[in-house]
Structure formats: structure tokens, C-alpha cells
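Each position in the sequence shown, counted from 1, maps to that position plus 33 in my numbering.
In what follows, a structure is listed as C-alpha cells, so that the remarks can point back to it.
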Amino acid sequence: GHVELNAERLLQSLQKDTHHQMLFLSGQDVRLDFSDQKHLPHTSRVVCYETQNNQKIPTDWEKLWRQPDNVILLTSANIARLFSTHMHQLETNNIHAACMSPTIADHLTLSTASTLISKTPEIVALQKIVDSFLEKRLASFHNVTSSHRSPPQRGPHG
Numbered sequence: 034g035h036v037e038l039n040a041e042r043l044l045q046s047l048q049k050d051t052h053h054q055m056l057f058l059s060g061q062d063v064r065l066d067f068s069d070q071k072h073l074p075h076t077s078r079v080v081c082y083e084t085q086n087n088q089k090i091p092t093d094w095e096k097l098w099r100q101p102d103n104v105i106l107l108t109s110a111n112i113a114r115l116f117s118t119h120m121h122q123l124e125t126n127n128i129h130a131a132c133m134s135p136t137i138a139d140h141l142t143l144s145t146a147s148t149l150i151s152k153t154p155e156i157v158a159l160q161k162i163v164d165s166f167l168e169k170r171l172a173s174f175h176n177v178t179s180s181h182r183s184p185p186q187r188g189p190h191g
């Protein structure tokens, strides 16, 4: 069963939670919930939002987007364009973009910390590159924080 969260409830729960953790904002057309990633605890936020009929992106999401190391999922050229226009005003380049196709990436006229592009235009393929990106980020974070220890061994997931 898919649960639609309304924006107000989502923001209330966000304000209570100060941890960096994955977050999925569901739009009309996106049906994959990234919040169910038990193997990636306390990773950066993943924000996914699909607008309808060229409407303006809700300003509520601005405070999410301003956070460093966000991963924004861009699932259509329309959202990539809107996002670029909107983010130019915010003047930030410490976020990461994950695009569902090269075409969508072409509509991203914004300098991001990194731009991930899915091999095939499917939400599952997008999830895979985001997962692998976050796993690498998590691994390098652990390596930095525990650099005095022996090099990490390959885990069962590797």
C-alpha cells in the first residue's frame, strides 16, 4: 500500500527530527518510497517532488533544499527546469541531483555538487544509482572518521 503524506504533516515531523536521514516526498507521479532504506541509516536526505501543470514548486521544500548534501531526484524535464530556475535564486551548489535520464539532466542548468544520471529511465534504476552513491558517501565518511583503524573489510553486501 502506498501512503501519501501531506506536506504539513511531513514538515512537522521534519522539524522534530534533526538527524540527517533519507526522506521521500511523494508527488503525483512518483511511486517509489526511498524512506524504506534500512541498510542506509542516517544518510543524507533524498527529496523527490513532481509538480503538476507547471505549478510553482512549494516554498515549503526550500528549507530542505538548502541543507547541504541533499540528493534531489529529478524525474522529469519539467521538474528539472523548475528546479533550476528556483535554485538559482537560492544560490546553492552543495546539493546533489539524481536525474532519471540524460534528457532530464540537459534541463538542469544549475551547478550541483554532483549530478547522477540513471542508465535507463526507470525509477528503480534511479534508486540503484542513488543507493550506490549514498553507500559510497557513507563509506568515505566512515573512512574519514575511523582513519586510524585498519582499512575496512568488504562487508557481506559488497
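Glycine included, each C-beta is placed from N, C-alpha and C at the ideal position.
message: Quick check on histidine 140: does DSSP put it in helix, strand or coil?
response: The count along the sequence shown starts at 1 and reaches residue 140 at position 107. Of the three classes helix, strand and coil, the one that applies to histidine 140 here is coil, per DSSP.
- prompt: Apart from the five residues on each side of it in sequence, which residues of its chain come closer than 6 angstroms, Cβ to Cβ, to asparagine 111?
  reply: What you label residue 111 is simply residue 78 of the sequence shown in a count that begins at 1. Same-chain partners within the cutoff: there are none.
Given 8 angstroms, three or more beta-carbon pairs between the stretch 135-143 and the stretch 156-169: No, because fewer than three Cβ pairs between the stretch 135-143 and the stretch 156-169 fall closer than 8 angstroms, the two stretches do not touch.
query: Quick one: what does DSSP say isoleucine 128 is sitting in, helix, strand or coil?
result: Position 95 of the sequence shown, counted from the start, is the residue given in the question as residue 128. Three-state DSSP puts isoleucine 128 in coil, outside helix and strand.
message: Buried or exposed for histidine 129, going by 16 or more other Cβ atoms inside 10 Å?
response: Indexing the sequence shown from 1 puts residue 129 at position 96. Around the beta carbon of histidine 129, a 10 Å sphere encloses 16 or more other beta carbons of the protein chains shown; the residue is thus reported as buried.
field: DSSP state of serine 147 mapped onto helix, strand, coil
entry: Position 114 of the sequence shown holds residue 147. DSSP places serine 147 in strand when its eight states are reduced to three.
query: How would you label threonine 118, buried or exposed, when you count the other beta carbons within 10 angstroms and need 16 or more for buried?
result: For the purposes of this step, residue 118 is taken as residue 85 along the sequence shown, with counting starting at 1. Threonine 118 should be labelled exposed.
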